[in-house]
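Scroll down for the structure; my scribbles are underneath it.
There are 2 protein chains.
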Amino acid sequence: MPERQRFSFSIAATDGAARTGLLSMKRGDIRTPAFMPVGTAATVKAMKPQGVRASGADIILGNTYHLMLRPGAERVARLGGLHAFMGWDGPILTDSGGYQVMSLSELRKMSEEGVGFKSHLDGSAHMLTPERSMEIQRLLGSDIVMAFDECTPFPATRDEAASSMERSMRWAKRSRDGFDSGLDHASVSALFGIQQGSMHADLRQVSAQKLIEIGFDGYAVGGLAVGEDQQEMFRVLDFAVEMLPADRPRYLMGVGKPDDIVGAVERGIDMFDCVLPTRSGRTGQAFTRQGPINLKNARFAEDKGPLDPSCSCPTCAGWSRAYLHHLIKAGEILGAMLMTEHNLNFYQAMMADLRAAIGEGRLTSFADEFRRQYRSIRDEAAD
Amino acid sequence: MPERQRFSFSIAATDGAARTGLLSMKRGDIRTPAFMPVGTAATVKAMKPQGVRASGADIILGNTYHLMLRPGAERVARLGGLHAFMGWDGPILTDSGGYQVMSLSELRKMSEEGVGFKSHLDGSAHMLTPERSMEIQRLLGSDIVMAFDECTPFPATRDEAASSMERSMRWAKRSRDGFDSGLDHASVSALFGIQQGSMHADLRQVSAQKLIEIGFDGYAVGGLAVGEDQQEMFRVLDFAVEMLPADRPRYLMGVGKPDDIVGAVERGIDMFDCVLPTRSGRTGQAFTRQGPINLKNARFAEDKGPLDPSCSCPTCAGWSRAYLHHLIKAGEILGAMLMTEHNLNFYQAMMADLRAAIGEGRLTSFADEFRRQYRSIRDEAAD
């Protein structure tokens, strides 16, 4: 078997702005558009890796912020890296820690150097810089490393957005240098830059240009899914995506709801991650092609039917809505397990359908039909 | 394929007081001595039924008290019974609710008729009698129904023990009549009586005699594992077990620790149930042949070895002690899943070894070696 290459991205078909293709890396191929389940603390919550793989996931995401604090990046390295540690042998993308250090940590102090903070777990003091973020992601053994940036808060004034973006671009260069200095790791992994600029087209353009000058394997759209509504997110994507190189994968960070993903794919996005399918699974919300339903709702208490009649996942094949309702009401771990497994399968089946639709040049009709069906049932409040 | 019989118990080999054999029922065979994982609320916590089966379990236990309150016995019946509801197609033994109504419910009022109480979940009023317990277990579709009794509190005066036992024997007769009145269910399921009498040989003898006069498919030793130490439990088993018919399965309710089970098998017990492997799995305790270990302990933080090197379960094959330590410290659901799966596999492997040892006439040497190894490591306090 020929040795696998470090990184290649091939587009098999396009349909409007949308593309479908293959991202090939040392640890495996990633079919795009791809959804990456979030494995924050070295586990996709309530799932064994085998179940994640069986759902159709080619790649998962790990969180630098969480892992640096517990169990610690150096410890993960001593234990053979994140893949061996958690038993996932496919590609892993790690974020830079930049987003979560701002949303989760305590006593943050931000400077040009980076972000000093105290752990939300034990109050211990830490410093996250572009260089340290690259080092942590290297220690974890990440396949796709994200540049360290600041996710510009929303809303922000134009001046705030510009100044935040400029700093992120300086940090992007330091990330590139830091990544490249880890020769062994850089020879097997990839580095993605992150476009900022809030909701402003001119700032997004400046950011894209600076990233392209530095040069990255892939490009993320950052600073979205931060509180703006879907219409506003799509408005930004309408100009932001085409600023990024067409021959490189484009990753929309932290997105999103199923209809967000469909709209973003139509606008040329190739990669997604979101906690929604896993987190919702633990709170009783299930995704179906007709929209989300909350299994806590009393109307499911004697519903013998499967969660989603059109789904072929293990949960839908094996158990009724009534049983899931019972498990969730009783706070049973198996409820979280089965719901998470369904939701991950739902997301991956949706991605597979999107890839097929693009490949066959019928994305618009697929997306229109998806939107027509989705939300055709109401998500009733839990009783 | 010939139709399976309602109930038969065949002893393949004996070794001292111990026996190994097969309990055959409509829904499958149960190899004895057998350990029944506890599936309180229609789920063996943190496990899919497939994993329970793969661990080697032939039968699981369901709790009448929990199921009558949530989701409710009539509801389970409308949903096709407990087996269809939870996706377990093997035999299920249900307890009578008698033990848990006394330990979990509120505002109990006990009379000759039964026990009136309020639900610990929502304060709703309920009444549990021998007749209602039989009805509930029939609605659930139980394969092995337990007579409704009072688990005599410990310690109890001799008079209290005698009076409690006498009432349980009157309830045993009402249970028999109630069970037999459900003709369709009685033709496919079995009814076990429960010996009481606290720690007194003469009361145990009276109880056994009354149960035998009524006539049951199997006989349980009740009123043990209620706070007495292992030495006292074994002292009672030394006289209580032989009072029960040798050609019927004998079930020691709520037991127990691995060394409790080994000692009870040596004394002629065929069936066990206990929450220990599942509950311990959720709190970081793992069973090994060298004794229990607590994976929360800091000494496991960088231990690359499997939880139990001599174990072939999925957890030990796939992940390190360091990873389990991390999951448990982080409160991850996957920690509960993997630890529970190991503990259930540990219990079932121990039962398989006990069956083999009895079959080959070497139970004494197996049990002595088991005890020599077990507790050879110390269970250190969690850090």
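Chains H and B supply the protein sequences, listed in that same order. All letters in the first sequence, in the order written, are residues 1 to 383 by the working numbering. All letters in the second sequence, in the order written, are residues 1001 to 1383 by the working numbering. For every residue, glycine included, the Cβ atom is placed at its ideal position computed from N, Cα and C. Source: prediction; values computed, not measured.
Quick check: what's the CA-CA separation for residue i versus residue j?
| i | j | result |
| --- | --- | --- |
| Glu112(H) | Asp308(H) | 50 Å |
| Asp390(H) | Val265(H) | What is shown of chain H runs 1 to 383, which leaves residue 390(H) out entirely. |
| Glu1242(B) | Thr1094(B) | 24 Å |
| Leu1022(B) | Ala1367(B) | 21 Å |
| Met350(H) | Gly90(H) | 20 Å |
| Phe9(H) | Ala1336(B) | 39 Å |
| Glu1003(B) | Lys1026(B) | 8 Å |
| Tyr214(H) | Ser365(H) | Reading off the sequence, residue 214(H) comes out as Ile, not Tyr. Straight-line Cα distance between these residues: approximately 38 Å. |
| Tyr1323(B) | Glu106(H) | 27 Å |
| Leu69(H) | Ala1301(B) | 14 Å |
| Val76(H) | Leu140(H) | 6 Å |
| Trp1319(B) | Arg1282(B) | 17 Å |
| Pro1245(B) | Arg78(H) | 59 Å |
| Val44(H) | Pro37(H) | 7 Å |
| Ala84(H) | Thr32(H) | 25 Å |
| Cys151(H) | Lys304(H) | 45 Å |
| Lys48(H) | Phe1154(B) | 42 Å |
| Val206(H) | Tyr65(H) | 28 Å |
| Ile92(H) | Gly62(H) | 7 Å |
| Asp383(H) | Lys329(H) | For Asp383(H), the predicted structure reports a pLDDT of 36, less than 50, and the residue's modelled location is therefore unreliable. A value from the coordinates is still provided. Those two C-alpha atoms are separated by around 10 Å. |
| Gly1193(B) | Arg1174(B) | 11 Å |
| Arg1321(B) | Ser1312(B) | 14 Å |
| Gln196(H) | Gly114(H) | 17 Å |
| Met169(H) | Phe272(H) | 22 Å |
| Leu67(H) | Arg167(H) | 25 Å |
| Asp1229(B) | Arg1375(B) | 17 Å |
Who are the neighbours of residue i on chain B, taking C-beta pairs under 7 Å?
| i | result |
| --- | --- |
| Arg78(H) | Glu1302 |
| Glu332(H) | Ala1041, Thr1043, Lys1045 |
| Ala336(H) | Ile1333 |
| Tyr99(H) | Near Tyr99(H) there are no residues of chain B at all, since even the closest Cβ is about 19 Å away, more than 7 Å. |
| Tyr323(H) | Phe1085, Met1086 |
For residue i, which of helix, strand or coil comes out of DSSP?
| i | result |
| --- | --- |
| Ser1365(B) | helix |
| Gly284(H) | coil |
| Ile1333(B) | helix |
| Val275(H) | coil |
| His1126(B) | strand |
| Ser1024(B) | strand |
| Ala1322(B) | helix |
| Gln195(H) | strand |
| Leu1079(B) | coil |
| Ser8(H) | strand |
| Phe1117(B) | strand |
| Ala1382(B) | Per-residue confidence for Ala1382(B) stands at a pLDDT of 36, beneath the threshold of 50, marking its modelled position as unreliable; no derived number is given. |
| Lys304(H) | coil |
| Asp1353(B) | helix |
| Leu224(H) | coil |
| Gly291(H) | strand |
| Leu1183(B) | helix |
Along chain H, in chain order, which residues have C-beta atoms closer than 7 Å to that of residue i?
| i | result |
| --- | --- |
| Trp1088(B) | What Trp1088(B) touches in chain H: nothing, since even the nearest Cβ is about 11 Å away. |
Assuming residue i contacts residue j under a Cβ cut-off of 8 Å, what Cβ separation, rounded to an integer in Å, is found between them?
| i | j | result |
| --- | --- | --- |
| Ala42(H) | His1326(B) | 6 Å |
| Leu1295(B) | Met1339(B) | 7 Å |
| Asn345(H) | Ala286(H) | The Cβ separation is near 11 Å, so there is no contact. |
| Gly263(H) | Phe234(H) | 5 Å |
| Gly16(H) | Leu363(H) | 6 Å |
| Ile59(H) | Ala34(H) | 6 Å |
| Ser24(H) | Gln5(H) | 6 Å |
| Leu1211(B) | Ala1172(B) | 6 Å |
| Gly97(H) | Leu128(H) | 5 Å |
| Arg19(H) | Gly268(H) | 7 Å |
| Gly1218(B) | Tyr1251(B) | 6 Å |
| Arg1279(B) | Ser1310(B) | Going by Cβ atoms, the distance from Arg1279(B) to Ser1310(B) rounds to 23 Å, so no, they are not a contact pair. |
Could you list which residues in chain B have their beta carbon closer than 9 Å to that of residue i, in chain order?
| i | result |
| --- | --- |
| Gly319(H) | Before going further, note that residue 319(H) is Trp rather than Gly in the sequence given. In chain order: Phe1085, Met1086, Gly1087. |
| Lys48(H) | Pro1314, Gly1318, Leu1334, Met1337, Leu1338 |
Which residues in chain B have a C-beta closer than 8 Å to the C-beta of residue i? List them in chain order.
| i | result |
| --- | --- |
| Arg70(H) | His1326, Lys1329, Ala1330 |
Applying a beta-carbon distance threshold of less than 9 Å, which residues of chain H neighbour residue i?
| i | result |
| --- | --- |
| Arg1075(B) | Ala301, Glu302, Ala322, His326 |
Cβ contact (3+ pairs, closer than 8 Å) linking the segment 1158-1165 of chain B and the segment 1131-1139 of chain B: Segments in contact, no.
Segment contact, 8 Å Cβ cut-off, at least three pairs: the segment 180-193 of chain H with the segment 138-157 of chain H: Using a Cβ-Cβ distance cut-off of 8 Å, the segment 180-193 of chain H and the segment 138-157 of chain H are in contact, since at least three pairs of beta carbons, one from each stretch, lie closer than that value.
Cβ pair count under 8 Å reaching 3, the segment 1250-1258 of chain B against the segment 1215-1227 of chain B: They touch, by the three-pair rule.
Given 8 Å, three or more beta-carbon pairs between the segment 1122-1134 of chain B and the segment 1164-1181 of chain B: The segment 1122-1134 of chain B and the segment 1164-1181 of chain B touch, with no fewer than 3 CB-CB distances between them shorter than 8 Å.
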